[in-house]
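First up is the structure itself, then whatever we jot down about it.
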Amino acid sequence: MTKKNRKIWNGKMKRLLCAFLLTIILYFLIQGIRCITGLHRAQDKLNTYETNIANLSYGLMTYIDAGEGEPILSIHGIFGGYDQAYDSVKNRESKNRLLAPSRFGYLGSDVKENGTPEEQAAAFKELLDYLEIDRVFVLGTSAGGTPAIRFALDYPERVKGLILFCSAMPVNKKPDTYLEYQAPPELLLSDYAMYLISPLMPLLMGMPASTVKNIQPIAERKTGVILDGRLTNPDMERNFEQYPIEALRVPVLILHSEDDPVASFEKVKNVQHRFPNITLVSFPDGGHMMTGHSEEIEKALDEFLTQHQ
């Protein structure tokens, strides 16, 4: 390469490098603006919910109590809170009394003791006692399935039926190995970090990039996410013997999409035989939240609640 050509080549490389760096800086700037805007919108949305606070032995628990009729205790998933717990069942407010608490470490709920699923189930029992509610239908969404199953095993006399909604599932046998931490790395648990990686969410989490808008403010959910990663999500594998699914005394309704990228339907198929009294309703598509099947879901819930109320 001649000296002249080398000079031209070096000039092109410098321009490409400058363009690349400018693109990176612009991306960080745009995502920062989107993050701040999204955070303001998320805070405004949280302010629209009518919440209550119960002072329990496990600390303060923030919850929504709305509607009338057969009570449903809605237990949210990871990155959730009372908002997610309520939103997953809000279509039933005209038919049911909806109890939507924040789990340990999420949106206004304290963490005392270790924050295990067993302790979470005990805290839910305290909430029912506090509200003078005898029995409920328990609905666990995604990661909320673990404390929902724990509650049904520990307090069957308080449960009319267990509903597992795109839920985590138990396993068939104790695994030789499992992930000790099952959540995003703590380094990523900030609003800005989540916006930076949001284009990768479909690949990393099996969720659309727009999900980042629904999980803000992350700072108010971070403690709960870490608890889920360390304790809740691995619990049915780590403490397999403490989940005798065959001994469940309550009827179970499982609602799940066959293309769920987060909670694999394969796990549902592999473990369904362990549930003594099960109704399985599956959909060929819809993803993790069974999008597009609201009518079928409502019909299945109506039938299940009517049968077991």
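Start counting the sequence shown at 166; every next residue gets the next number (this note's numbering). Glycine is no exception: its CB is placed at the ideal position from the N, C-alpha and C atoms. None of the values given here were measured: they were computed from a predicted structure.
Assigned exposure category for residue i - 16 Cβ within 10 Å defines buried
| i | result |
| --- | --- |
| E283 | buried |
| N337 | exposed |
| Q407 | exposed |
| D248 | buried |
| I190 | exposed |
| G457 | exposed |
| I218 | exposed |
| Y251 | buried |
| S222 | exposed |
| D400 | buried |
| L187 | exposed |
| L238 | buried |
| D230 | buried |
| T306 | buried |
Within 8 Å, strictly: CB atoms of residue i and residue j
| i | j | result |
| --- | --- | --- |
| T311 | N398 | yes |
| V417 | L272 | no |
| M372 | V427 | yes |
| T216 | Y228 | yes |
| L420 | F330 | yes |
| Q196 | L353 | no |
| R262 | A286 | no |
| K277 | Q474 | no |
| V254 | L181 | no |
| F448 | S422 | yes |
| A308 | D393 | yes |
| L296 | P266 | no |
| P335 | V415 | no |
| E468 | N256 | no |
Rounded separation between residue i and residue j - CA only
| i | j | result |
| --- | --- | --- |
| S375 | L365 | 11 Å |
| G246 | K290 | 18 Å |
| I380 | L264 | 20 Å |
| M178 | C200 | 33 Å |
| G270 | F244 | 10 Å |
| H526 | D425 | Any property of residue 526 remains undetermined from this structure, which presents the chain solely from 166 to 474. |
| L194 | D450 | 36 Å |
| G437 | T202 | The amino acid occupying residue 437 in the given sequence is Gln; Gly does not appear at that position. Using only the alpha carbons, I get a separation of about 43 Å. |
| A207 | E460 | 28 Å |
| L466 | L318 | 21 Å |
| R268 | T444 | 27 Å |
| V377 | S363 | 7 Å |
| G280 | C183 | 49 Å |
| E385 | I198 | 20 Å |
| K146 | D299 | In this structure the chain extends from 166 to 474, so residue 146 is not present and cannot be described. |
| L368 | S355 | 19 Å |
| M226 | F185 | 48 Å |
| L204 | I383 | 9 Å |
| T342 | K434 | 21 Å |
| L344 | N442 | 30 Å |
| G389 | E351 | 11 Å |
| I240 | E431 | 23 Å |
Beta-carbon separation (whole angstroms), residue i vs residue j, contact threshold 8 Å
| i | j | result |
| --- | --- | --- |
| G242 | E258 | The Cβ separation is near 20 Å, so there is no contact. |
| G224 | D294 | About 15 Å separates the two Cβ atoms, so there is no contact after all. |
| R395 | Y346 | 6 Å |
| A348 | I391 | 7 Å |
| R439 | E402 | At roughly 14 Å, the Cβ-Cβ gap does not stay under 8 Å, so R439 and E402 are not in contact. |
| L413 | E235 | Going by Cβ atoms, the distance from L413 to E235 rounds to 20 Å, so no, they are not a contact pair. |
Tell me the start and end of each unbroken alpha helix (DSSP H) in the segment 302-332 that is at least 4 residues and wholly inside, in chain order. 310-319
Segments assigned alpha helix (DSSP H), at least 4 residues, entirely inside the segment 229-315: 247-252, 282-295
May I have a chain-ordered list of the beta strand (DSSP E) segments no shorter than 3 residues that lie completely inside the segment 404-456? 417-422, 443-448
Please specify which runs of the beta strand (DSSP E), each continuous and at least 3 residues long, are wholly inside the segment 178-237, giving them in chain order. 217-221, 224-231
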